[in-house]
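Structure, as structure tokens:
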DNA sequence: CACAAGATTCCG
DNA sequence: GGAATCTTGTGC
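In our numbering, the protein residues as written are 9 to 192.
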């Protein structure tokens, strides 16, 4: 998903478009995943078929956006941690709680299918080569399974919002599709 | 039932 | 470093 765009249709004339520059993966077999221990009202969407948004509240205050990537009944998700929005301040969506605030996302968007028909989708449009190297590290802000190197981000992504000139015009035929994780 | 902890952010 | 504030897990 790195280098792809998260797009939300705000109105007939307004799209919010940001380039995904930081992600983390979570999976049921490791203890930092919400679906590791139990299946509850909060995390139910993580167990749905892949290709839906999973939105949850963290610390009672902030919303975090994930894309469900595992097969049905197996909790796998990718947390979108940071976006670069062209022509906006570099910090406008630089954090999982900040990007949902910028996009106006909340629990009403939980369980929504990733689709242009729902006004919230992911489109290709850039290759990461245009931006920089992809760096892989351990995940941030967790206390369990800290050793797993399941965080990826685009190096020097802070400057992308300035480097990308003009409007992002994604092709509707070029939408991102989740790939089913068959193993585990 | 009473806590504690959490995939965060902001302020000092 | 601490607070804000909701959901879930644990323990008595």
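A virtual CB, placed ideally from N, CA and C, is assigned to each residue, including glycine.
*Would you call the region 140–150 and the region 68–79 in contact, with 3 or more CB pairs under 8 Å?*
no
*Sheet register partners of residue 70 (DSSP bridge)*: Within the first chain, residue 70 is the residue found at index 62, counting from 1. The partner list for residue 70 (beta bridge, DSSP) reads 66.
*By Cβ distance below 8 Å, which residues in the same chain neighbour residue 23 in space, the five residues on each side in sequence not counted?*
As a working mapping, residue 23 is identified with position 15 in the first chain. Counting only Cβ-Cβ distances below 8 Å, and skipping sequence neighbours, we find 15, 16 and 17.
*Which residues in the same chain as residue 99 place their Cβ atom closer than 8 Å to its Cβ, once the five residues preceding and following it in sequence are excluded?*
Start at 1 with the first residue of the first chain, and residue 99 comes out as number 91. So the list reads 106, once near-sequence residues are dropped.
_Buried versus exposed, by CB contacts within 10 Å (16 or more), residue 42_ = Stepping through the first chain from its first residue, residue 42 is reached at position 34. It counts as buried.
*In the DSSP assignment, find the unbroken beta strand (DSSP E) run with residue 162 in it and report its ends.*
Along the first chain, read from residue 1 onward, the residue named residue 162 stands at position 154. It spans 159–162 - the beta strand (DSSP E) in which residue 162 sits, taken as one unbroken run.
*Can you tell me whether DSSP reads residue 139 as helix, strand or coil?*
Along the first chain, one-based indexing puts residue 139 at 131. Residue state, collapsed to three classes: coil.
*Is the region 40–54 touching the region 86–103, taking contact as three or more C-beta pairs under 8 Å?*
no
*Determine the contact status of residue 171 and residue 122, defining contact as a CB-CB distance below 8 Å.*
Mapped onto the first chain, residue 171 falls at position 163. Mapped onto the first chain, residue 122 falls at position 114. Result no, Cβ atoms of residue 171 and residue 122 do not sit closer than 8 Å.
*Let me know if residue 21 comes out buried or exposed under the rule of 16 or more other beta-carbons within 10 Å of its beta-carbon.*
To locate residue 21, count along the first chain from 1; it is residue 13. Per the 10 Å Cβ criterion, exposed.
*To the nearest angstrom, how far is it from the Cα of residue 92 to the Cα of residue 10?*
Taking the first chain and counting its residues from 1, one reaches residue 92 at position 84. Taking the first chain and counting its residues from 1, one reaches residue 10 at position 2. About 11 Å.
*Alpha carbon to alpha carbon, how far is residue 160 from residue 19?*
Numbered from its first residue, the first chain carries residue 160 at position 152. Numbered from its first residue, the first chain carries residue 19 at position 11. Going by the C-alpha atoms only, they are around 32 Å apart.
_Through-space distance from residue 84 to residue 116, alpha-carbon basis_ = Translated into positions along the first chain, residue 116 becomes position 108. Translated into positions along the first chain, residue 84 becomes position 76. Cα-Cα distance, rounded: 20 Å.
*Determine the DSSP secondary structure at residue 107, reduced to helix, strand or coil.*
Reading the first chain from its first residue, position 99 is the one you call residue 107. Residue state, collapsed to three classes: helix.
*Cβ-based burial, residue 139 [other Cβ within 10 Å; buried from 16]*: Locating residue 139 in the first chain gives position 131, where the first residue counts as 1. That one is buried.
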